[in-house]
Amino acid sequence: IYKNFMSKVVGIDLGTTNSVVAAIEGGQPSVIPNAEGLRTTPSIVAYTKKQELLVGQIAKRQAVINPENTFFSVKRFIGSKENEISEGAKQLPYKVSKDTNGNIKIKCSSLDKDFSPEEISAQVLRKLISDASTYLGQEVTQAVITVPAYFNDSQRQATMDAGKIAGIEVLRIINEPTAASLAYGLDKKQNETILVFDLGGGTFDVSILEVGDGIFEVLSTAGDTNLGGDDFDKVLVDWLVSDFRDKE
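Taken in order, the sequence shown gives residues 17 to 264; the numbers are from this note's numbering.
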């Protein structure tokens, strides 16, 4: 019991583009830098031609020369069936297919193997936990993971499964707007209505929360599950390609 009491529980923002891990230090949430000294870790997993696993910044650096084995924006697929994903979301340099049950599979030609989105996400979680353990000087095995407020039960369970695959005991899944409100100490306020604007790499949503006596209730959430920074990038690249072709 004493050991469990002393162990650190970390909070993880498993994002579409970048992920963050934090812990309570001195009564305040503090972002933990990764092994590279950065406060955010790209949510990217890659396998090299030599079948070496790369996660985070090092995976991002080699994406241009190894696009078919570099997996990013996987959060868009987690807990979803292949027929639930838009065609635009599947326009990626790596191959996305489905199994006999319609579950999404990500093809890794380097290993000649198919991965589920949960398995890819688990690799990101493993790095976050490993870096947190090194930074804190103790083994970290428990975490709270945030998810978008609009995530359905299947997507929430899949996030839990990713944690389990990574060897993490996921104590709770909480909504991202609630986590943001907690981080800013808004749980201390009485009977407040809060608007949380969340423009991420893969999604855009706005949530209205009501807080009182430290309890958060999501009153409403709306947005686009297929609109985010990744899509802005794609539109810009498409425009550049089109402009280049027109000038040629």
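Just so it is clear, CB atoms sit at the ideal spot from N, CA and C, and this is done for glycine as well.
Please read these numbers as outputs of a predicted model, since none were measured by experiment.
Which same chain residues, not among the five before or five after residue i, have their C-beta less than 8 Å away from its C-beta?
i	result
isoleucine 94	Pro133, Glu134, Ser137, Gln171, Ala174, Thr175, Ala178
asparagine 119	Lys97, Glu98, Ser132
glutamate 208	Leu202, Glu226, Val227, Gly228
aspartate 214	Pro164, Glu192, Pro193, Ala196, Phe220, Asp221, Val222, Ser223, Gly239
aspartate 130	Ser113, Asp115, Lys121, Ile122, Lys123, Cys124
glutamine 139	Val61, Leu69, Val71, Ala182
Leaving aside the five residues before and after residue i along the sequence, list all residues of the same chain whose C-beta is less than 6 Å from its C-beta, in chain order.
i	result
glycine 27	Ala38, Val160
glutamate 233	Glu226
alanine 195	Thr162
asparagine 50	Thr57, Asp147
lysine 250	none
Determine, using beta carbons only, whether residue i and residue j come nearer to each other than 7 Å.
i	j	result
glutamine 154	glutamate 185	no
glycine 245	phenylalanine 220	no
alanine 13	arginine 142	Only positions 17 to 264 of the chain appear in this structure, which leaves residue 13 out of reach.
tyrosine 166	threonine 237	yes
lysine 114	glutamate 98	yes
isoleucine 210	leucine 202	yes
lysine 121	glycine 218	no
proline 45	alanine 199	yes
asparagine 102	asparagine 242	Per the sequence shown, the amino acid found at residue 102 is serine instead of asparagine. It is a contact, given that the beta carbons lie within the stated cut-off.
For residue i, which residues of its own chain have a beta-carbon under 7 Å away from its beta-carbon, when the five flanking residues on both sides are left out?
i	result
isoleucine 17	Per-residue confidence for isoleucine 17 stands at a pLDDT of 40, beneath the threshold of 50, marking its modelled position as unreliable; the derived number appears in the next sentence. Within the same chain, isoleucine 17 has no close Cβ partners at all.
valine 156	Lys24, Val26, Ile145, Ala148, Ser149
aspartate 259	none
valine 47	Val36, Ala38, Arg55
leucine 235	Ile224, Leu225, Glu226
glutamine 206	Gly228
aspartate 255	A quick correction: the sequence has tryptophan, not aspartate, at residue 255. None.
arginine 188	Val160
On the DSSP letters alone, give me the boundaries of the alpha helix (DSSP H) that residue i sits inside.
i	result
glutamine 44	Not the alpha helix (DSSP H): glutamine 44 falls in the beta strand (DSSP E), residues 44-47.
Which two residues bound the contiguous beta strand (DSSP E) that contains residue i?
i	result
alanine 8	In the structure as shown, the chain starts at 17 and stops at 264, and residue 8 therefore has no counterpart that could be examined.
isoleucine 40	34-41
glycine 27	25-29
tyrosine 63	61-63
* Length at least 4, wholly inside the segment 175-251: the alpha helix (DSSP H) runs in chain order -> 192-199
* Taking 8 Å as the threshold, find out whether the segment 117-130 comes into contact with the segment 57-76 through three or more Cβ pairs. => yes
* Asked: Which parts of the segment 80-164 are runs of the alpha helix (DSSP H), unbroken and 4 residues or longer, counting only runs that do not cross its ends?
  -> 133-152
* **the segment 50-59 / the segment 69-78 touching (three or more Cβ pairs under 8 Å)** => yes
* Asked: Is it a yes or a no for the segment 104-117 touching the segment 31-47, going by three-plus beta-carbon pairs under 8 Å?
  -> no
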